[in-house]
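For reference, the structure discussed in these notes is given below.
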Amino acid sequence: MTDRPKGLRRRLTDYGDPGFSLFLRKAFAKSMGYTEAELDRPVIGIADTGSGLVSCHGTVPALIDAVSRGVVAAGGLPLAFPTISLGEPFMHPTTMLFRNLMAMDTEEMIRAHPIDAVVLIGGCDKTVPAQLMAAASAGTPAIQLVTGPMLTGSHRGERLGACTDCRRYWGARRGGRVDEDEIAEVGGRLMPSAGTCMVMGTASTMACAAEALGMMLPGSATIPAVLADRMRAARETGARAVALAAEGLIPERILTPAAFTNALRVLLAVGGSTNAVIHLAAIAGRCGFALDLERLDRLSRETPVLLDLKPSGRHYMEDLNKAGGLMPVLRALVPALDLDCLTVTGRTLGDEIAAAPEPWPQDVVREADEPIYPEGGIAVLRGNLAPDGAIIKQSAATPALCSHNGRAVVFDSLADLTARIDDPALDVTPDDVLVLRNAGPRGAPGMPEAGYIPIPKKLATQGVTDMVRISDARMSGTAFGTIVLHAAPEAAIGGPLALVENGDRIALDVASRALTLEVSQATLDARRAAWRPPPPPEGAGRGYLALHLAHVEQADRGCDLDFLTAPRTGTAVPI
Ligand code: FES
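Residue numbering for the sequence shown follows our numbering, beginning at 17 and increasing consecutively.
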């Protein structure tokens, strides 16, 4: 125990007179109706990410109430505070541009206020990574709570979920197999409740990763947003936050290299989102650890996909929750997990697995000897097109395209893609390789989820549903296809993707992890000598965009801002 000031006595406003600072703070707090006795309690901050522009956080007000009940019952003082919130479909150009801004906001609000422990309420894709990055840097006890997934919808007898089925139906619309009336009908059925996307997209993946890291109460990653269980988990989270404050259990003790290794293994076993690789690299970077892509690939080769859940499988998050949540996955992985990792409960991961209810028959999580995919969902590719790595979600790719040699059809930017992809005169065949560049962390800017390049309309209408696609962009975790992402370094800073020309041959071989531009080095050298960087994006000279462009790191380092990462310890993850 330390004798650091607690509760409202912490982090007093600087007036040069601490007694006056506390007197004034309490006086203002009393103006909100608090009593002296309440103001002596430990302060539990609750990061409020409710927003009219974040549909996935629609239940945050109710969650804050439930957390607050738990905090009060455990003897704490719950004080909610707003932070930036990021809703995937509502932001331009992409939420990823603002993840680091949210992380900075959250960290600084935790640091600046008299908060003894904080409950981080997130959910939509970038919010949980931003909050975990903040927690790793802030040095204050923290516990994650997610809003939880939506329930599934139904259309003409078919079960639907966001956003794997959004993309499937939109592809059918582009291919002329679904008409205007039906696509409008589907649009009203895809998301029938509050919550996050209910497939293993980035939100679900990061919720599972947060639980595997030990930053969330066991069993709470998968509970649907609108169930009473979600409110009970919120109440328990609030109560646990009070204990965390008393114990002084800071994230640094939980976010160890072994914990990141556990989380990366879970990411692979659940067929999780490729975006989680970037986010876990960023959170690890806040702890001084580097993500080693070669080791991640080795982990992938020995970790089968066990979860039969979209987009890699059949089921949805509510099915996983009924099957026992993340626990059956953790149980199946026990021989490969580090069970000594400490969690926010104050117990180890092994303790929590041992204490979980006995398993029951279910068909959502497979045993390790009968996986739905023999390797991890994500493979790391190397070659002269991506010297610092690229990744592919092999579990959601077309097997026949995973070894492919095709002619490059290059799009220079997102604007170029939009202008030409559906041009009937576009010279493209189903065997070609679609290349999108200048869509990386600096290029786009913000590395949007543009890697899911649409199939050119003239091919879509012929029934083509997948092609090899390569970019320095990201892809939604809910998407599927033979799609190579995160090519690093990105084209905008002169990465090799910048040198590809229409008609070049590109070879992809996922089994050997090779991504090769079949052009001689002499030709590439000549192209490099003639290469000029693209013009800066509009608004590049001021504000947060200027900060982002000057400091954002590449995908293999998590796209954090270079001044926010911790000094590297020399330790790499996974171990
Ligand atoms: Fe928020 Fe999918 S859009 S989780």
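A virtual CB, placed ideally from N, CA and C, is assigned to each residue, including glycine.
Measuring alpha carbon to alpha carbon, tell me which residue in the options is nearest residue i.
i      : options                        : result
Ala384 : Pro351, Asn400, Pro375         : Pro351
Phe114 : Val396, Thr143, Val134, Leu136 : Thr143
Arg543 : Ile394, Asp572, Gly49, Gly510  : Gly510
Lys4   : Pro446, Gly301, Leu69, Ile437  : Outside the shown range of the chain, which is 17 to 591, sits residue 4, and nothing can be said about it.
Pro21  : Ala249, Ala261, Thr238         : Ala261
Leu307 : Lys326, Cys72, Pro273          : Pro273
Arg184 : Val449, Thr481, Thr99          : Thr481
Asn454 : Ser487, Leu475, Met483         : Ser487
Gly459 : Met231, Glu554, Ala395         : Glu554
Val135 : Asp64, Thr359, Val242, Asp245  : Asp64
Thr110 : Asp432, His171, Gly456         : Gly456
Thr532 : Val526, Ile294, Ile522         : Ile522
Gln537 : Ala530, Ser528, Gly557, Val516 : Val516
Asn421 : Thr498, Thr359, Thr434         : Thr498
Arg57  : Gly362, Ser67, Ala45, Gly66    : Ala45
Can you say whether residue i is buried or exposed, counting buried as having 16 or more other CB atoms within 10 angstroms of its CB?
i      : result
Tyr560 : exposed
Phe427 : buried
Asn291 : buried
Thr180 : buried
Ser101 : buried
Phe276 : buried
Asn116 : buried
Met17  : With a pLDDT of 45 at Met17, under the threshold of 50, the predicted position of this residue should be treated as unreliable, though the coordinate-derived value follows. It is exposed - the Cβ of Met17 has fewer than 16 other Cβ atoms within 10 Å.
Ala562 : exposed
Gln160 : buried
Glu174 : exposed
Ser328 : buried
Pro389 : A quick correction: the sequence has Tyr, not Pro, at residue 389. It counts as buried.
Asp447 : exposed
Asp30  : exposed
Asp572 : buried
Asp578 : exposed
Ala43  : exposed
Leu315 : buried
Met48  : exposed
Gly586 : exposed
Glu602 : This structure cannot settle anything about residue 602, because the visible part of the chain is limited to 17 through 591.
Is the beta carbon of residue i within less than 6 Å of some heavy atom of the ligand FES?
i      : result
Glu196 : no
Glu104 : yes
Thr277 : no
Thr111 : no
Thr212 : yes
Ala495 : no
Cys303 : no
Cys575 : no
Cys140 : yes
Ala219 : yes
Cys72  : yes
May I ask which residues mark the beginning and end of the beta strand (DSSP E) holding residue i?
i      : result
Thr532 : 530-533
Lys142 : No beta strand (DSSP E) contains Lys142, which DSSP labels as neither H nor E.
Leu94  : Looking at the sequence provided, one finds Pro at residue 94 rather than Leu. That run of the beta strand (DSSP E) goes 93-98.
Ala423 : Contrary to the premise, residue 423 reads as Arg rather than Ala in this sequence. Taken as a continuous stretch (DSSP letters only), the beta strand (DSSP E) holding Arg423 covers 419-427.
Ala489 : Segment: none, Ala489 is in no beta strand (DSSP E) and carries neither H nor E.
Ala133 : 133-138
Ile522 : 521-525
Ile499 : 499-501
Glu174 : 174-176
Leu452 : 449-452
Ala158 : 158-162
Could you pull the start and end residues of the alpha helix (DSSP H) that residue i belongs to?
i      : result
Asn291 : 291-302
Glu334 : 333-338
Gln537 : 537-546
Val345 : 343-349
Phe276 : 273-285
Asp438 : From DSSP, Asp438 is part of no alpha helix (DSSP H); its letter is neither H nor E.
Lys22  : Neither: Lys22 is in no alpha helix (DSSP H) and is coded neither H nor E.
Val87  : 76-89
Glu268 : 267-270
Gly559 : 559-567
Leu309 : 309-317
Leu117 : 112-128
Does any residue of chain C bring its CB to less than 7 Å from the CB of residue i?
i      : result
Val516 : Of the protein chains in this structure there is only one, and it is not chain C.
>> Which complete beta strand (DSSP E) runs does the region 33-74 hold, if anything under 3 residues is left out?
In response: 59-64
> What are the complete beta strand (DSSP E) segments, minimum 3 residues, inside the region 369-406?
Replying inline: 394-397
> Which runs of the alpha helix (DSSP H), 4 residues or longer, sit entirely within the region 185-257?
Replying inline: 196-203, 218-229
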